[in-house]
Amino acid sequence: MGNHCTTASRQRWNGHSSVPNINTNYQPQTPTPLPAGLTPATNMAALPYAHVDASLRCLATQAEGFGRQAVGGLHGKIYRVTTLAEDGHGSLREGCRQKEPLWVVFEVSGTIHLTSYLRVSSYKTIDGRGQRIKLTGKGLQLKECQHVIICNLEFEGGRGHDVDGIQIKPNSRHIWIDRCSLRDFDDGLIDITRQSTDITISRCRFEQHDKTMLIGADPSHIEDRCIRVTIHHCFFDGTRQRHPRVRFGKVHLYNNYTRNWGIYAVCASVEAQILSQYNIYESGQKKVVFKYMTEKARDKETGLSGWIRSEGDFFLNGAQPCLLTGPAVGSVFKAEEHYPTWTMEPPSETLKDVLQVCTGWQPISRPPETVQNA
Numbered sequence: 001m002g003n004h005c006t007t008a009s010r011q012r013w014n015g016h017s018s019v020p021n022i023n024t025n026y027q028p029q030t031p032t033p034l035p036a037g038l039t040p041a042t043n044m045a046a047l048p049y050a051h052v053d054a055s056l057r058c059l060a061t062q063a064e065g066f067g068r069q070a071v072g073g074l075h076g077k078i079y080r081v082t083t084l085a086e087d088g089h090g091s092l093r094e095g096c097r098q099k100e101p102l103w104v105v106f107e108v109s110g111t112i113h114l115t116s117y118l119r120v121s122s123y124k125t126i127d128g129r130g131q132r133i134k135l136t137g138k139g140l141q142l143k144e145c146q147h148v149i150i151c152n153l154e155f156e157g158g159r160g161h162d163v164d165g166i167q168i169k170p171n172s173r174h175i176w177i178d179r180c181s182l183r184d185f186d187d188g189l190i191d192i193t194r195q196s197t198d199i200t201i202s203r204c205r206f207e208q209h210d211k212t213m214l215i216g217a218d219p220s221h222i223e224d225r226c227i228r229v230t231i232h233h234c235f236f237d238g239t240r241q242r243h244p245r246v247r248f249g250k251v252h253l254y255n256n257y258t259r260n261w262g263i264y265a266v267c268a269s270v271e272a273q274i275l276s277q278y279n280i281y282e283s284g285q286k287k288v289v290f291k292y293m294t295e296k297a298r299d300k301e302t303g304l305s306g307w308i309r310s311e312g313d314f315f316l317n318g319a320q321p322c323l324l325t326g327p328a329v330g331s332v333f334k335a336e337e338h339y340p341t342w343t344m345e346p347p348s349e350t351l352k353d354v355l356q357v358c359t360g361w362q363p364i365s366r367p368p369e370t371v372q373n374a
């Protein structure tokens, strides 16, 4: 499971490739066409990153998007978690608090009950491949850190005020969260605020939750204009809102599947720039996909919403894009101005099937520490 989804055709995009034909009028329920030669009938959907499980440290610097420079614990020793205890020798907390680079792996499976946030220091990879680890009670806190990779973990049942599954604030950067399952926390599942930037969230699964993902917490915090986040090949399944909600930052969404939301799918608030490419939005009872909220930045006299540019998205089961038009839509950032390539599939029933199976925690083996010769 997981790796069997990576054998199919996919297309890489860059500033010189053919790009999706854009409907410049942004009419509701009018998805833009697929590029020539790409059709669901002739191309099997596939997830990116097939190569990262070839050896243990192949994850480093392999993220697509804004988090692509994250090295995690690439240059450090291997730290082995040997206990499910919250703290102490051999615990996850003991490894994450160390100041040196570490590649953290698990020799046990099970649930780690946290009574306080587990703070992750810089240059760490928390690698759950080969085991099944669930964090409950509280979550991970990435505070003033850089170069962190979190892979193949479960987060469930976080309790308390301001308790997120993964809380990224303040001033954290070069973060990659890959193949994690997140559900049922009292606040957010992943929150990114207070000048944290250059982050990629990929192949994650979000369920049983209200305020799923917040990017930029406060219209008075204008320093969050630096935030840049890529979210791709994720599955938002029945979560109520915030897939994500964005203030100020630049967010690139591609090849995500969001279904049966409770209020809206994606929200652009004060000065946000959201580029939505080749995503699948399948509504349940609530039909509005894109929501706009006007707020006043601290250094402005009047309030503004954000802007969303939709390219090649699919809107299913009566989903209503409700996109705003106007010249400001053209000012939404272009991904190729920030990173060279990214992997997109045509939105299709096949892509839906793949994302339902291959996102979140996966029962894959821990890769060898070195690449095995054929």
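In UniProt numbering, the protein residues as written are 1 to 374.
All C-beta atoms, glycine included, are put in the ideal place defined by N, C-alpha and C.
(1) Would you kindly work out how many angstroms separate the C-alpha atoms of I199 and W361, rounded to a whole number?
(2) So, is G95 buried or exposed, given that buried needs 16 or more other C-beta atoms within 10 angstroms?
(3) Express the C-alpha separation of Y278 and P346 in angstroms, rounding to a whole number.
(4) How far does the beta strand (DSSP E) with E282 in it reach, from first residue to last?
(5) Can you tell me whether L355 is buried or exposed? The criterion is at least 16 other CB atoms within 10 Å of its CB, across all chains shown.
(6) Is it right to say Q131 is buried, meaning 16 or more other beta carbons lie within 10 angstroms of its own, or is it exposed?
(7) Excluding sequence positions up to five away, which residues of its chain have a Cβ less than 7 Å from the Cβ of K287?
(8) Can you give the beta carbon distance from I190 to G72, rounded, assuming they're within the 8 Å contact cut?
(9) Near L74, what residues of its chain come up, given a Cβ to Cβ distance below 6 Å and the 5 sequence neighbours on each side ignored?
(10) How is Q141 classed by DSSP in three states: helix, strand or coil?
(11) Comparing C-alpha positions only, which one of S116, R119, D127 and L92 sits nearest to E369?
(12) Using only the alpha-carbon positions, how far apart do D164 and K138 sit?
(13) Counting only runs that start and end within the region 81-113, where is the beta strand (DSSP E) found for 3 or more residues in a row?
(14) Quick check on the burial criterion: 16 or more other C-beta atoms within 10 angstroms. Buried or exposed for L109?
(15) Just the Cα atoms here: how many angstroms apart are F314 and E301?
(16) Measure the C-alpha to C-alpha separation of Y281 and K134 and round it to an integer number of angstroms.
(17) Between W176 and the rest of its own chain, which residues show a CB-CB distance below 6 Å, the 5 nearest in sequence each way excluded?
(18) Here's the rule: buried if 16 or more other CB atoms are within 10 angstroms of the residue's CB, otherwise exposed. What is A335?
(19) Measure the beta-carbon distance from V270 to P219 and round it to whole angstroms, keeping in mind my assumption that it falls under 8 Å.
(20) Any chance you could list the alpha helix (DSSP H) runs of at least 4 consecutive residues sitting entirely within the region 260-298, in chain order?
(21) Using three-state DSSP, classify V71 as helix, strand or coil.
(22) Can you tell me the Cα-Cα spacing of N255 and T230, whole angstroms?
(23) Following the continuous alpha helix (DSSP H) through E349, name the residue where it begins and the one where it ends.
(24) Thinking I227 and G249 are a contact (beta carbons under 8 Å), I'd like their distance in whole angstroms, please.
(25) For the candidate residues T239, R194, N260 and D353, whose alpha-carbon lies nearest to that of G316?
(26) So the candidates are I192, G158, R194 and T197; which of them puts its Cα closest to the Cα of R183?
(27) Which same chain residues, not among the five before or five after Y117, have their C-beta less than 6 Å away from its C-beta?
(28) Going by Cα to Cα distance, which pick from I222, V266, T115 and K169 is closest to L323?
(29) Rank R240, Y123 and E156 by C-alpha distance to the C-alpha of C145 and give the top, closest one.
(30) Give the C-beta separation of R203 and H233 to the nearest angstrom, bearing in mind that I take them to be a contact with Cβ-Cβ under 8 Å.
(31) Along the chain, where does the beta strand (DSSP E) that runs through Q167 open and close?
(32) In the DSSP assignment, find the beta strand (DSSP E) that holds T341 and state where it starts and stops.
(33) Nearest by alpha-carbon distance to P367: which of W103, D87 and G76 is it?
(34) Using the three-state DSSP reduction, which class does G330 fall into: helix, strand or coil?
(35) Which residue marks the beginning of the beta strand (DSSP E) containing I150, and which one marks its end?
(36) Using 8 Å for Cβ pairs, my map puts R129 next to E107. What's the rounded Cβ distance?
For this structure:
(1) 19 Å
(2) buried
(3) Distance between the alpha carbons of P346 and Y278: 6 Å.
(4) Unbroken beta strand (DSSP E) run through E282: I280 to E282.
(5) buried
(6) buried
(7) G318, A319 and Q320
(8) Not a contact, Cβ separation roughly 17 Å.
(9) Answer for L74: R57 and A60, listed in chain order.
(10) strand
(11) D127
(12) 7 Å
(13) 102-106 and 110-113
(14) The question names Leu, yet the displayed sequence has Ser at residue 109. Exposed is the call here.
(15) Within the model, the alpha-carbon separation for F314 versus E301 is close to 37 Å.
(16) 29 Å
(17) Once the five neighbours on either side are set aside, the close Cβ partners of W176 are A63, G67, A70, I149 and T200.
(18) A335 should be labelled buried.
(19) The Cβ separation is near 5 Å, so the contact holds.
(20) Qualifying alpha helix (DSSP H) stretches: none in this window.
(21) coil
(22) 11 Å
(23) E349 to C358
(24) 3 Å
(25) The sequence given here places Leu at residue 316; Gly does not occur at that position. The candidate whose alpha carbon is nearest that of L316 is N260.
(26) G158
(27) K138 and Q141
(28) Nearest option by C-alpha distance: V266.
(29) Y123
(30) 5 Å
(31) I166 to I168
(32) Element bounds for T341: n/a, residue is neither H nor E.
(33) W103
(34) Helix at G330.
(35) Q146 to C151
(36) Incorrect: roughly 12 Å between the Cβ atoms, too far for contact.
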